[in-house]
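The listed protein sequences derive, respectively, from chains B and F.
Residues 1 to 315 in the working numbering are what the first sequence lists, from first letter to last.
Residues 316 to 628 in the working numbering are what the second sequence lists, from first letter to last.
Ideal Cβ placement from N, Cα and C applies to all residues, glycine included.
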Amino acid sequence: MAEEIIIRTENLTKCYGDFKAVDGLNLEIRKGEVFGLLGPNGAGKTTTILMLLGLTEPTQGGAWINGHDCTRNPMAVKSFVSYLPDNVGFYDDMTGRENLRLTGRLNGLEGDALESRIASLGGRVGLSGAIDNKVGTYSRGMRQRLGIADVLIKDPGVVILDEPTLGIDPQGIEELLQLIKELSVKDGRTVVISSHLLHQMQKICDRVGIFVQGRLLAFGPLETLWEQVSGQQGQLLELTVEPDDSRLKELLNQLADVEEISREQTIYTLKLKKDIRRELVDTLVGHGYTISHLRMRQGDLDDIYRLYFKQEGVV
Amino acid sequence: MNRGLYVLFRKELADHFTSKRFIIIMLIVAATCLAGVYSAGLGIREAVAKESSEFVFLRLFTSSGGSLPSFATFISFLGPLVGLSMGFDAINGERNGRTLSRLLAQPIHRDDVINAKFLAGLFILVMMVLTLGLAVAGFGIILTGIPPTWEEVARMFIFMLITIVYIALWLAVSQLFSLLFKQTATSALACIALWLFFVVFVNLFAGIIADGLYPVTDQSPAGTVLKNYNLRHNISRLSPTLLYDEAVVTILNPGIRSLGLVLTSQVEGAIPGALPFGQSLLLVWPHVTGIIAATMICFAVSYVSFMRQEIRA
């Protein structure tokens, strides 16, 4: 894949009074990748997106998409970029087709070209049967799929999705993620997704940026994120063993290469200098224990989150 | 032409025409106004026989035959309601439906949204007032059998123009409220409160203030009475409703030569007769300018605040 940078921000900052919603963001997103903007609620994800679209003016710094300045030339940016707001709204008393037609017209499409595109997009997102029903009768999942169709009407180079999977059932999420992945793989579009749901982003994102309190905490492919965040921390091992008796603790303490043992409910967390899973399992099984849970904490976004918040003392 | 503006303008028109709210308001206005004209038309024949037959056609709009108020009174009372009903949820409705951010993410200018909403409202107003006015005129001609003179036609069109401007003011006010208040119900209530204030209460307040400053009793000198009246009248003129009423009465009734109190010394030597069209127009010019200015201020404030407002809820 070409290493062409399509979205770039430099020291992007947005203040609301004294509150810094986005704080000196430097971001580079490559053409054709799926980029995940991850962070808890209120981390500044939506504000960042609005600045990328020129809908909010940055207090400092700037953003460029495909060479266009997002603040100075929002029309060029908005012709090239599609945005699906979180909890997207449609005109409830219009049908799905009429809603799409309106978006198409606002983008300068007319007549047969517009109608055939609506028909093909309706089929692609699986709404062919319901496209002529009023949007007021749609379920949440259908609205979201209509949202994807709405976003694709203008044939954008960049698609920005804000919390696209919120409030949808597991089956719907699976289909939606598949659809989103296709945008990048099949169509070669750049996709930026903001979300706080880590597992889902793990499935489809090429690279992610973790966003906390307006700052970019870590940035890159998922595999390297763990190292960035954890720094010199050793490996952490989660362990649950049955029966959970006092002898177990002694046994664990005797193991070499264990720096620290902590316990939350039934789960022990061992801080290790190196990977001793094999020895550990041999020892425990040898003493007649049953291991019900054993997991190395790394690479998983949940762990990155947890680790970060532990460091900050936020949670 | 600007594409975003045109597409949104068409969408707003379609929205208005298909909304139940709009249809209900239109039916109420049309029914009451036509009823008013009908009763005026029935009474007009007798009036013509008794009094002068000058400007009979215009009396269709102003005379209140029988138990119903005149057409002009109805419009002055219900017109604001039409304007308010079209604008009170213009922006906060989009916001609450979460369609605003999706709309603005399309390649359109931000002011297209508010411009299109105002222009679509204005277009409908123009259509409504013209339709209603011409229907009334036609209806009246059939009822009375008297064709209008050119001057009467001109006066009728000026009347419709003033009406359009007046209702446009209320449209602008309601759009402003739709920006200032997050909930559509709040902005609707605020609109109605303002409407009631200007239609009913402003006169009461003007009376209280004037009586407080210049108390009038049976023995009061003429100067105090005059001051009391002038103050009351000027305070009332802050209300666009009064401005509209005065302008309409003057335009539709050529017999009216001045607004407010007239001293005997001023009338002395005057020849009774109708005012020429140009002079009537001159008399209402300040009123019309005032209403247009108020409309423009309202729209300008909503324009600026819409451009500066944060998009996210």
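For this session: Check whether the region 336-354 of chain F touches the region 123-134 of chain B, counting contact only when three or more Cβ pairs, one atom from each stretch, lie closer than 8 Å.
Result: no
For this session: Please report the Cβ distance between Ile261 of chain B and Leu270 of chain B, rounded to the nearest whole angstrom; I am assuming they are in contact, meaning their Cβ atoms lie under 8 Å.
Result: 6 Å
Problem set entry | Residues sharing a beta bridge with Tyr83 of chain B, DSSP | B:Ile160
Exercise. By how many angstroms is the C-alpha of Gly136 of chain B removed from the C-alpha of Ile524 of chain F?
Worked result: 52 Å
For this session: Please classify Pro569 of chain F: does DSSP put it in a helix, a strand, or coil?
Result: coil
For this session: Can you give me the start and stop residues for the alpha helix (DSSP H) that Ser195 of chain B sits inside?
Result: Unbroken run through Ser195 of chain B is the beta strand (DSSP E), Thr190 to Ser195; no alpha helix (DSSP H).
For this session: Pull up the DSSP beta-bridge partners for Ile291 of chain B, would you.
Result: Within the DSSP secondary-structure output, Ile291 of chain B pairs in a beta bridge with B:Val241.
Exercise. Can you give the Cα-Cα distance for Phe332 of chain F and Ser502 of chain F, rounded to whole angstroms?
Worked result: 22 Å
Problem set entry | Proximity winner among B:Tyr16, B:Ala21, B:Ala63 and B:Cys15, relative to Leu27 of chain B (alpha-carbon distances) | B:Ala63
Exercise. Taking the runs of the alpha helix (DSSP H) that are 4 residues or longer, which of them lie wholly in the region 498-573 of chain F?
Worked result: 499-511, 517-528, 537-551 and 555-567
For this session: Would you mind reading off the limits of the alpha helix (DSSP H) that contains Val185 of chain B?
Result: Pro170 to Val185
For this session: Find out if the Cβ-Cβ distance for the pair Ile6 of chain B, Asn66 of chain B is shorter than 7 Å.
Result: yes
For this session: Examine chain B for any beta-carbon lying closer than 7 Å to the beta-carbon of Leu419 of chain F, and answer yes or no.
Result: yes
Problem set entry | Nearest to Leu106 of chain B (by Cα), restricted to the options F:Ala435, F:Ser551 and F:Leu320 | F:Leu320
Exercise. So does the region 531-540 of chain F actually touch the region 416-433 of chain F, counting three or more Cβ pairs closer than 8 Å?
Worked result: no
For this session: Please go through the region 198-228 of chain B and give each complete alpha helix (DSSP H) segment of 4 or more residues, from N-terminal end onward.
Result: 198-204
Exercise. When you compare only the Cα positions, how much space is there between Gly527 of chain F and Arg547 of chain F?
Worked result: The C-alpha of Arg547 of chain F is placed about 11 Å away from the C-alpha of Gly527 of chain F.
For this session: With 7 Å as the C-beta to C-beta threshold (strictly closer), list the residues of the region 406-435 of chain F near chain B in chain order.
Result: Gly412, Arg413, Thr414, Ser416, Arg417, Leu419, Ala420, Gln421, Pro422 and Ile423
Problem set entry | Cross-chain neighbours of Val514 of chain F in chain B, by beta carbon under 7 Å | What Val514 of chain F touches in chain B: nothing, since even the nearest Cβ is about 32 Å away.
Exercise. If you draw a straight line from the alpha carbon of Leu217 of chain B to that of Gln421 of chain F, how long is it in whole angstroms?
Worked result: 31 Å
For this session: May I ask which residues mark the beginning and end of the beta strand (DSSP E) holding Glu259 of chain B?
Result: Looking at the DSSP string, the run of the beta strand (DSSP E) that includes Glu259 of chain B is Val258 to Glu264.
For this session: Sort B:Lys154, B:Asp162, B:Val281 and B:His68 by Cα distance to Ser116 of chain B and report the nearest one.
Result: B:Lys154
Exercise. In this structure, does DSSP put Ser246 of chain B in helix, strand or coil?
Worked result: helix
Exercise. Of all the alpha helix (DSSP H) runs that stay within the bounds of the region 405-449 of chain F, which reach a length of 4 or more residues?
Worked result: 405-411 and 415-419
Problem set entry | C-beta neighbour in chain B for Arg318 of chain F, strict 7 Å | yes
Exercise. Does DSSP put Arg15 of chain B in a helix, a strand or coil?
Worked result: The question names Arg, but residue 15 of chain B is Cys in the sequence shown. Under the three-state reduction of DSSP output, Cys15 of chain B falls in the strand class.
Problem set entry | Neighbouring residues, chain B, relative to Ile626 of chain F (Cβ below 8 Å) | Leu50, Leu55 and Thr56
Exercise. Any idea if Phe19 of chain B is buried or exposed, counting beta-carbon neighbours within 10 angstroms, 16 or more meaning buried?
Worked result: By the neighbour-count criterion, in which a residue is buried when 16 or more other Cβ atoms sit within 10 angstroms of its Cβ, Phe19 of chain B is exposed.
Exercise. To the nearest angstrom, how far is it from the Cα of Ala622 of chain F to the Cα of Leu567 of chain F?
Worked result: Per the sequence shown, the amino acid found at residue 622 of chain F is Met instead of Ala. Straight-line Cα distance between these residues: approximately 41 Å.
Problem set entry | C-alpha distance - Leu177 of chain B paired with Ile193 of chain B, whole-angstrom precision | Using only the alpha carbons, I get a separation of about 11 Å.
Problem set entry | Rounded Cβ spacing between Arg470 of chain F and Leu598 of chain F (contact assumed at less than 8 Å) | 12 Å between Cβ atoms; not a contact.
Exercise. Can you list the residues of chain F that Val208 of chain B reaches, using a CB-CB cut of under 7 Å?
Worked result: In chain order: nothing, as chain F lies at least about 23 Å away.
For this session: Under 8 Å Cβ to Cβ from Arg189 of chain B, same chain only, skipping five residues before and after it: list those, please.
Result: Gly32, Pro156, Gly157, Val158, Val159 and Leu183
For this session: Tell me, please, which residues DSSP counts as bridged to Leu38 of chain B.
Result: B:Ser195 and B:Ile210
Problem set entry | Nearest-angstrom beta carbon gap, Asn99 of chain B and Asp150 of chain B [assumed within contact, 8 Å] | 7 Å
Problem set entry | Cross-chain neighbours of Asn107 of chain B in chain F, by beta carbon under 8 Å | Gln421 and Pro422
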